[in-house]
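Protein chains in written order, with this note's numbering: chain P, 1 to 341; chain G, 1001 to 1341. For reference, the structure is listed below as structure tokens.
Protein chains: 2
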Amino acid sequence: MKQKKVTFDDIARHTGFSKTTISRYFNNPDSLTVENQEKIAQALKELNYQENKLAKVLANGKSEFIGVIIPNFYLGYFSEMLNCILNTYEQFGYKFLVFVGNDNKESERKYIKELLAYKIEGLIVLSHTIPSRELASYNIPIVTIEREDQFVNSVNTNNYMGGVQATSLLYKNNCDILLHINSVMSEEIPSYGRIMGFTDICREHDLKNELILADFGNSYQETKQCLENVYQYIKEKYPHQKKGLFLANDTHASIMLNLIFREYGKLPDEYRIVGFDDSPIATESILPISTVGQQIDLIAYTAVELLVAQMNERKKRRPEPQKELIHKEITPVLMRRETTD
Amino acid sequence: MKQKKVTFDDIARHTGFSKTTISRYFNNPDSLTVENQEKIAQALKELNYQENKLAKVLANGKSEFIGVIIPNFYLGYFSEMLNCILNTYEQFGYKFLVFVGNDNKESERKYIKELLAYKIEGLIVLSHTIPSRELASYNIPIVTIEREDQFVNSVNTNNYMGGVQATSLLYKNNCDILLHINSVMSEEIPSYGRIMGFTDICREHDLKNELILADFGNSYQETKQCLENVYQYIKEKYPHQKKGLFLANDTHASIMLNLIFREYGKLPDEYRIVGFDDSPIATESILPISTVGQQIDLIAYTAVELLVAQMNERKKRRPEPQKELIHKEITPVLMRRETTD
DNA sequence: TTGTACGCGTTATCAC
DNA sequence: GTGATAACGCGTACAA
Chain P
1 MKQKKVTFDD IARHTGFSKT TISRYFNNPD SLTVENQEKI AQALKELNYQ
51 ENKLAKVLAN GKSEFIGVII PNFYLGYFSE MLNCILNTYE QFGYKFLVFV
101 GNDNKESERK YIKELLAYKI EGLIVLSHTI PSRELASYNI PIVTIEREDQ
151 FVNSVNTNNY MGGVQATSLL YKNNCDILLH INSVMSEEIP SYGRIMGFTD
201 ICREHDLKNE LILADFGNSY QETKQCLENV YQYIKEKYPH QKKGLFLAND
251 THASIMLNLI FREYGKLPDE YRIVGFDDSP IATESILPIS TVGQQIDLIA
301 YTAVELLVAQ MNERKKRRPE PQKELIHKEI TPVLMRRETT D
Chain G
1001 MKQKKVTFDD IARHTGFSKT TISRYFNNPD SLTVENQEKI AQALKELNYQ
1051 ENKLAKVLAN GKSEFIGVII PNFYLGYFSE MLNCILNTYE QFGYKFLVFV
1101 GNDNKESERK YIKELLAYKI EGLIVLSHTI PSRELASYNI PIVTIEREDQ
1151 FVNSVNTNNY MGGVQATSLL YKNNCDILLH INSVMSEEIP SYGRIMGFTD
1201 ICREHDLKNE LILADFGNSY QETKQCLENV YQYIKEKYPH QKKGLFLAND
1251 THASIMLNLI FREYGKLPDE YRIVGFDDSP IATESILPIS TVGQQIDLIA
1301 YTAVELLVAQ MNERKKRRPE PQKELIHKEI TPVLMRRETT D
């Protein structure tokens, strides 16, 4: 019942060639005569040969593996990103070994070790627990996406521009007061740019504004509770004023929209809302939510492309060490929908 | 700059032992004296040894790889499932090679070939393009999840029970008319059971009911358009009657809820809604939606467990061929929320 | 308890 | 164009 694998040796015996020639058939077919190519092709079919890439990797060192570390699947943002990353297989041919970090630094270290044991050629990191300095020390091509990236190559959304876009839209909606509601965060992580964009535009147009930074927890229920408090707070603090709300992401925006909509049975003129990400929930909500769209497909593609470039460099006889880090920025796209004019 | 890899040979030379002893240190440490173990451990650190699992695989045949084929990331159901599958790494130690099929049969065949080339020990299939007969012919341990499974092992939600639960809940809500809105589908796929459950309960209690089967497209916008038509249809056909709506999944349920809520500014008594899956959108909607919860974590765990059992059987000296197919059913859990009483 | 010799399936380096 | 032969890094009889 055990199917014994057909190897180059079997093909060689069957055709009368040597192993070497069989190998050449795959890696440099032009070096064989056409008729011999056909002989071998025939034998492959007859014996039902199945290639063994692991043996190939051991011999030539190219695993064609890329490791991926995702923090979690909360928010839909990461699953969409993973989806886009996986889909680059068609373009680049690299296979992905995926781990979910669950915000556990020790786990993630273990995963990286495992990935290295499988001889991944490069690593894409979306989780944020391990500092980029440590990541860089692994001495393997790395690209991070939307996280602290001081010592590694990265691809990020131009968060500052996103903040500017969202804030400008609310400004054009003639709001009396602009509020940006976000998590407390370090200035080093890319999304801090959203806060900068917000404050800069408010200052530029001398707009009344408030920055509400808080901890919104790690689950939908926690987040909802926190945002309810925020809602009560702004309702009492700014009654009868047209409030422009710029939320940290579409999930938060949706929660806020739901709170308001359930109270009024609609979105009253008193509120304007802009989210961030263009997640599915932004369109699936009770009203399609205006949002700053991250071009996730482009981000994913750019990340893999950048990684592949580095990996290819390493394969050269005399690889040039990277002179300086590359931080690519992807332009966000403002999506005007029904929560703004 | 190229870091030459440290191998067992290096460790052996460094410690004065043979390669074999080093190998044994990893695979059967008890066969060494404690002090020799420490010597080797010391050397490993000094030389900064990094294991090479690919070489190990080539030598012993155990790749510890499981292939996964997902149809897409639409609906959130599959990303949640993938998340749960990936998280079984902590339990079983298997690594996952993931491909997204995108409903393309030829692509999926190509992916399977690639997976086989990497010597996966087993395969988990969630996509439905390739018939189970063909899957079985690959002669490798396979478990499918929620798809046609005539010739392969599988794990499915007990869809019939789910249909019964949803319908019974609507029945208890004293609806005048019960409607089940679903896609047209073959009787062979597991979720057909939901339809059976619905019709059986309706018959059992002699309930007025209608089964609306249609094609709801492949994108949110298409689905929304189709459901708008359905909404108009039932509104006109059953005015002033309390309508109990059992939707195919939570995304559909959410769309329907939004249509109604936007018209009335609330969910009127005239409508009761039950979804299926317990996707994030069920709780994130304008009203938390009552739904039949699939125990995705349990399904994923069961699938991997079942697969691991088969893989272990194959590793035995004299593997017993599987006598008969295993089809596990996971009980769904009814979630009563705010779209029913 | 430890070592020798060979095998895993492929690629790379020489020869011819 | 084609073929020996030696890697690649580790596991595993079989010996000692």
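The beta-carbon is built from N, C-alpha and C at its ideal position, and this holds for glycine as well. Treat the numbers as computed from the prediction; the structure is a model and nothing was measured.
{"query": "Whether T167 of chain P touches I201 of chain P by CB criterion (8 Å)", "result": "yes"}
{"query": "Identity of the residues DSSP links to N297 of chain P by a beta bridge", "result": "With the sequence shown as reference, residue 297 of chain P is identified as Asp, and Asn is not the correct amino acid for it. D297 of chain P is not bridged to any residue."}
{"query": "Counted within 10 angstroms of its Cβ, other Cβ atoms place Q1232 of chain G as buried (16 or more) or exposed", "result": "exposed"}
{"query": "Pairwise C-alpha distance: P1141 of chain G and E51 of chain P", "result": "19 Å"}
{"query": "Residues of the region 1029-1063 of chain G whose Cβ lies closer than 8 Å to any Cβ of chain P, in chain order", "result": "Q1050, E1051, N1052, K1053, L1054, A1055, V1057, L1058, S1063"}
{"query": "Proximal chain G residues relative to I112 of chain P, where beta-carbon distance stays under 9 Å", "result": "Result: empty, since nearest Cβ-Cβ is about 11 Å, beyond 9 Å."}
{"query": "Own chain residues within Cβ distance below 8 Å of L1257 of chain G, not counting five before or after", "result": "L1267, I1273, S1285, I1286, L1287, I1289, T1339"}
{"query": "Beta bridge counterpart(s) of N1153 of chain G as assigned by DSSP", "result": "G:V1143"}
{"query": "Residues of the region 1257-1282 of chain G with Cβ closer than 9 Å to any Cβ of chain P, in chain order", "result": "L1257, N1258, F1261, R1262, Y1264, G1265, K1266, P1280, I1281"}
{"query": "Buried/exposed call for M1001 of chain G, threshold 16 Cβ in 10 Å", "result": "Confidence at M1001 of chain G is low in this model, with a pLDDT of 38, below 50, so its placement is unreliable and no value can be given for it."}
{"query": "For M81 of chain P, the three-state DSSP class (helix, strand or coil)", "result": "helix"}
{"query": "C-alpha distance - R262 of chain P paired with M1335 of chain G, whole-angstrom precision", "result": "21 Å"}
{"query": "Backbone CA spacing between N153 of chain P and V164 of chain P [nearest angstrom]", "result": "25 Å"}
{"query": "C-alpha distance - G1217 of chain G paired with M1185 of chain G, whole-angstrom precision", "result": "13 Å"}
{"query": "Boundaries (first-last residue) of the beta strand (DSSP E) holding A1214 of chain G", "result": "1209-1214"}
{"query": "CB contact check: A303 of chain P to chain G, cutoff 8 Å", "result": "no"}
{"query": "DSSP three-state assignment for D1009 of chain G, whether helix, strand or coil", "result": "helix"}
{"query": "Rounded separation between S1023 of chain G and G61 of chain P - CA only", "result": "21 Å"}
{"query": "3-residue-minimum beta strand (DSSP E) runs that sit fully inside the region 229-310 of chain P, ordered along the chain", "result": "243-247, 271-277, 290-293"}
{"query": "Limits of the unbroken beta strand (DSSP E) element including E204 of chain P", "result": "It is not in any beta strand (DSSP E) - E204 of chain P instead sits in the alpha helix (DSSP H) that spans 192-204."}
{"query": "For K2 of chain P, the three-state DSSP class (helix, strand or coil)", "result": "The predicted position of K2 of chain P is uncertain, since its pLDDT is 49 and thus under 50; no value can be drawn from it."}
{"query": "Separation of F96 of chain P from F8 of chain P, as counted between CA atoms", "result": "27 Å"}
{"query": "4 or more residues per run - each alpha helix (DSSP H) lying fully within the region 25-90 of chain P", "result": "34-47, 53-60, 77-87"}
{"query": "Chain-order list of residues whose beta-carbon lies under 8 Å from that of F92 of chain P (same chain, five-residue window excluded)", "result": "V304, E305, V308"}
{"query": "Which listed residue (G:K1237, G:S1219, G:Y1301, G:F1065) has its alpha carbon closest to that of G1076 of chain G", "result": "G:S1219"}
{"query": "Simplified DSSP assignment, three categories, for H1128 of chain G", "result": "coil"}
{"query": "Proximity to K1172 of chain G [Cα-Cα], best of G:Y1094, G:S1279, G:K1243", "result": "G:K1243"}
{"query": "Inter-stretch contact at 8 Å, needing at least 3 Cβ pairs: the region 68-82 of chain P / the region 294-301 of chain P", "result": "yes"}
{"query": "Classification of A1300 of chain G by the beta-carbon crowding that lies within 10 angstroms, buried from 16 upward", "result": "buried"}
{"query": "Cβ-Cβ distance between Y1118 of chain G and K113 of chain P below 8 Å", "result": "no"}
{"query": "K1323 of chain G to Q1310 of chain G span [Cα, whole Å]", "result": "12 Å"}
{"query": "M1335 of chain G, enclosing beta strand (DSSP E) - first and last residue", "result": "1333-1335"}
{"query": "Chain G within 8 Å of I66 of chain P, Cβ atoms only", "result": "no"}
{"query": "Which listed residue (G:L1259, G:D1277, G:A1012, G:R1147) has its alpha carbon closest to that of N1036 of chain G", "result": "G:A1012"}
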